[in-house]
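Peer 1: Here's a structure for you.
Protein chains: 2
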Amino acid sequence: MDAAYLETRCRLVDKTLDRFLPKAKTRPATLHEAMRYSLFAGGKRLRPVLCLAAAEACGGTVEAALAPAAAVECLHTYTLVHDDLPCMDDDDLRRGMPTCHVKYGEGIAVLAGDALLTLSFEILAQTPPTSRYGVGSYVSELAVASGSRHLIGGQVLDLEGEGTDVLLSPSQLRYLHESKTAALLTAAIRLGAMTANATPARLESLTVYGRSLGLAFQVIDDILDVTSTTEKLGKSVGKDEATAKSTYPALFGLEKSRKEAARLTSQAHNALKPFGKKAAVLHEIADYLLGRDY
Amino acid sequence: MDAAYLETRCRLVDKTLDRFLPKAKTRPATLHEAMRYSLFAGGKRLRPVLCLAAAEACGGTVEAALAPAAAVECLHTYTLVHDDLPCMDDDDLRRGMPTCHVKYGEGIAVLAGDALLTLSFEILAQTPPTSRYGVGSYVSELAVASGSRHLIGGQVLDLEGEGTDVLLSPSQLRYLHESKTAALLTAAIRLGAMTANATPARLESLTVYGRSLGLAFQVIDDILDVTSTTEKLGKSVGKDEATAKSTYPALFGLEKSRKEAARLTSQAHNALKPFGKKAAVLHEIADYLLGRDY
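As structure tokens, then:
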């Protein structure tokens, strides 16, 4: 994908997030600082970029998709903040920087996560409705994908799997990846499409694209955890293996994992056929994710 | 207030919550059990009861207000679960029972809180819109009241005040109580009124009622912490004093605190004048809260 395109989009997303977030000095300042610290820590903005690209693929505008793009990024950031807590993954480093609880303390990190989650719905409520979709549809979409049966459910399985020597079965691992990663990626894409008033058939195609992309993304994440270096990745690597965590490479080996990532990526490409040239960016994002080494 | 009335309302709220919550056996079962454990732990259901009563005071139906009533109770419960965590208030006992993290572990307690917060917006999105208010208004109302500038902001002040010997000033304490308690009580009431398509003037009167009631509630909570017994209250008492926490009695003494609670309660009554007899239940709730001893 064009690096300049990505950078322009990232800047737009950052500007939007800055606009929606309370200023760092707003009372209580510690909380708002912590929220901004985690939100502007150099994330790839994959979910918001996908949201905007999906809106365009369906003939909509970037402007209409800005609120859900920002909402999804706030939500994603809260999951990282809570995931890193000592009672969860206990990570000190995220994107090369101290994690939120290391910098601000555990109590503030819990509250900053809670506040980012709450803010994501406050932002989402400002999305313009279309003839097919109202704010109720948007909120349901995000709440279900990020709720107890999907995203948070995946975190629970992950948490329960840690510290045990028992590997998950392949189908359990797929469920874990679908919940932890694919659900929110797919919601980001669907929300973008909904702001463009996409038909149910189009939404369904994008759901297949999102799920395939999300699963590919997670398999690649597992592979990178084995093959990359701490420096490149900006977070502690080798951690999955150390805790006997179930990953694709642990269950299937590196070679098979790479093939699975490629298969899922091509499945994502196929799902975009109905969109023709309008889906160029979505195609490029899929290729970009498969090729990344950080 | 009529005890039978309250009990009937509580049963209706419980039934509604049971309907909106995933079954305890839904995967991942530990999470859904933990959510239900904290939600059905014998809470007074004050916020949902207020929500339903406000809808009726504005000529609306109980049915239309059930979703926001349930949403607000899920949100309130998540704040309790996260508040009790070791990195926050570190409480082992809540309503006479082990707190969520004592029973299920800290990781699950964080996630159960996150899931209840997320669910509250999923439920709220199902509230029927009126000619004046859509789902966007409902979601904004709850998100702002429970977000970083209000409810969570209050938790931060509370957290920062702990472990220090410095008492808050009276105006800081008022800000703390407004954020921690009054904001969500007021949102519960306003949401109920909105489902009844209340005029902006009516909403404003109910805002005064809610804020006064919420502040009175918090002052009384502080008083009970000093005067009640662990057995009656079902939670650890004397804890505020032990941690040199700023409370109304600590700042003003018991006598003045009781007078302030009465003053706020009468302010709440006055705000209900425009509603005439339709506000009977709201009047009774105010008297009930002032008279409670647990």
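One line per chain: the protein sequences are A and B, in this order.
FYI, in my numbering the residues of the first sequence are 1 to 294.
FYI, in my numbering the residues of the second sequence are 1001 to 1294.
No residue lacks a Cβ here, since even glycine has one placed at the ideal position from N, Cα and C.
Computed from a predicted model, the values in this text were never measured in an experiment.
Strictly by DSSP, which residues pair up with residue 1097 of chain B?
Peer 2: For this step, residue 1097 of chain B is matched to residue 97 along the second sequence. Answer by DSSP bridge pairing, in chain order: B:1094.
Peer 1: Compare the Cα-Cα distances from residue 1223 of chain B to each of B:1261, B:1091, B:1171 and report the closest residue.
Peer 2: Reading the second sequence from its first residue, position 223 is the one you call residue 1223 of chain B. Comparing Cα-Cα distances from residue 1223 of chain B to each of B:1261, B:1091, B:1171, the minimum goes to B:1261.
Peer 1: Sort A:282, A:27, A:291 by Cα distance to residue 192 of chain A and report the nearest one.
Peer 2: Position 192 of the first sequence holds residue 192 of chain A. The residue with the shortest Cα to Cα distance from residue 192 of chain A is A:282.
Peer 1: Say whether the region 214-222 of chain A touches the region 75-87 of chain A, bearing in mind that this needs 3 or more beta-carbon pairs closer than 8 Å, one atom from each stretch.
Peer 2: Output reads no: the region 75-87 of chain A does not touch the region 214-222 of chain A.
Peer 1: Does any residue of chain B bring its CB to less than 8 Å from the CB of residue 155 of chain A?
Peer 2: On the first sequence, position 155 is the one that residue 155 of chain A refers to. With 8 Å as the cut-off, residue 155 of chain A counts as an interface residue toward chain B.
Peer 1: With the cut-off set at 8 Å, would you say residue 1250 of chain B and residue 1176 of chain B are in Cβ contact?
Peer 2: Locating residue 1250 of chain B in the second sequence gives position 250, where the first residue counts as 1. Locating residue 1176 of chain B in the second sequence gives position 176, where the first residue counts as 1. No, these two residues do not count as a Cβ contact at 8 Å.
Peer 1: Report back the beta-carbon spacing between residue 70 of chain A and residue 17 of chain A to the nearest angstrom; my notes put them in contact at under 8 Å.
Peer 2: On the first sequence, position 70 is the one that residue 70 of chain A refers to. On the first sequence, position 17 is the one that residue 17 of chain A refers to. Correct: roughly 5 Å between the Cβ atoms.
Peer 1: Could you list which residues in chain B have their beta carbon closer than 9 Å to that of residue 119 of chain A, in chain order?
Peer 2: If you number the first sequence from 1, residue 119 of chain A lands on position 119. Per Cβ cutoff of 9 Å: 1143, 1147, 1148.
Peer 1: Check each residue of the region 1019-1050 of chain B: if its Cβ is closer than 8 Å to any Cβ of chain A, include it; give the result in chain order.
Peer 2: Listed by position, the residues of the region 1019-1050 of chain B near chain A (Cβ gap below 8 Å) are 1022, 1026, 1027, 1028, 1030, 1031, 1032, 1035.
Peer 1: Determine the burial state of residue 201 of chain A: buried for a count of at least 16 other Cβ atoms within 10 Å of its Cβ, exposed for fewer.
Peer 2: Against the first sequence, residue 201 of chain A aligns to sequence position 201. Counting Cβ neighbours within 10 Å, residue 201 of chain A comes out exposed, since fewer than 16 surround it.
Peer 1: Taking all protein chains shown into account, do 16 or more other C-beta atoms lie within 10 angstroms of the C-beta of residue 1254 of chain B, making it buried, or fewer, making it exposed?
Peer 2: Reading the second sequence from its first residue, position 254 is the one you call residue 1254 of chain B. Exposed is the call here.
Peer 1: Going by beta carbon distance, what residues of the same chain come within less than 8 Å of residue 1014 of chain B, once the five residues before and after it are set aside?
Peer 2: Mapped onto the second sequence, residue 1014 of chain B falls at position 14. Correct list, in chain order: 1040, 1045.
Peer 1: Given a cut-off of 8 Å on the beta-carbon distance, is the pair residue 52 of chain A and residue 65 of chain A in contact?
Peer 2: Counting from one through the first sequence, the residue named residue 52 of chain A turns up at place 52. Counting from one through the first sequence, the residue named residue 65 of chain A turns up at place 65. Cβ atoms of residue 52 of chain A and residue 65 of chain A: closer than 8 Å.
Peer 1: In angstroms with no decimal places, state the Cα-to-Cα distance between residue 55 of chain A and residue 180 of chain A.
Peer 2: Within the first sequence, the letter at position 55 stands for residue 55 of chain A. Within the first sequence, the letter at position 180 stands for residue 180 of chain A. Cα to Cα, residue 55 of chain A sits roughly 23 Å from residue 180 of chain A.
Peer 1: Let's see if you can read the secondary structure: which residues bound the alpha helix (DSSP H) around residue 1003 of chain B?
Peer 2: Within the second sequence, numbered from 1, the residue matching residue 1003 of chain B stands at position 3. Taken as a continuous stretch (DSSP letters only), the alpha helix (DSSP H) holding residue 1003 of chain B covers 1003-1020.
Peer 1: Counting only beta-carbon atoms, is residue 1160 of chain B nearer than 8 Å to chain A?
Peer 2: Position 160 of the second sequence, counting from 1, holds the residue named residue 1160 of chain B. Yes, contact with chain A.
Peer 1: So what does DSSP say about residue 1167 of chain B, is it helix, strand or coil?
Peer 2: Looking up residue 1167 of chain B in the second sequence gives position 167. DSSP places residue 1167 of chain B in coil when its eight states are reduced to three.
Peer 1: With C-beta atoms as the reference, is residue 1050 of chain B less than 8 Å away from residue 1203 of chain B?
Peer 2: The count along the second sequence starts at 1 and reaches residue 1050 of chain B at position 50. The count along the second sequence starts at 1 and reaches residue 1203 of chain B at position 203. No; because the gap between Cβ atoms is not below 8 Å, this pair is not in contact.
Peer 1: Establish whether the CB of residue 87 of chain A and some CB of chain B are separated by less than 8 Å.
Peer 2: By one-based count along the first sequence, residue 87 of chain A stands at place 87. Answer yes: the Cβ-Cβ gap between residue 87 of chain A and chain B drops below 8 Å somewhere.
Peer 1: Quick check on DSSP: helix, strand or coil for residue 74 of chain A?
Peer 2: For the purposes of this step, residue 74 of chain A is taken as the residue at position 74 of the first sequence. Helix.
Peer 1: Using the beta-carbon of each residue, which ones in chain B are nearer than 8 Å to residue 76 of chain A?
Peer 2: The residue labelled residue 76 of chain A in the question sits at position 76 within the first sequence. What residue 76 of chain A touches in chain B: nothing, since even the nearest Cβ is about 13 Å away.
Peer 1: Using the Cα positions of residue 1271 of chain B and residue 1264 of chain B, report the straight-line distance between them to the nearest angstrom.
Peer 2: Against the second sequence, residue 1271 of chain B aligns to sequence position 271. Against the second sequence, residue 1264 of chain B aligns to sequence position 264. Answer to the nearest angstrom: the Cα atoms are 11 Å apart.
Peer 1: Assuming residue 156 of chain A and residue 1098 of chain B form a contact by the criterion Cβ under 8 Å, report the distance between their Cβ atoms to the nearest whole angstrom.
Peer 2: In the first sequence, counting from the first residue as 1, residue 156 of chain A sits at position 156. In the second sequence, counting from the first residue as 1, residue 1098 of chain B sits at position 98. 20 Å between Cβ atoms; not a contact.
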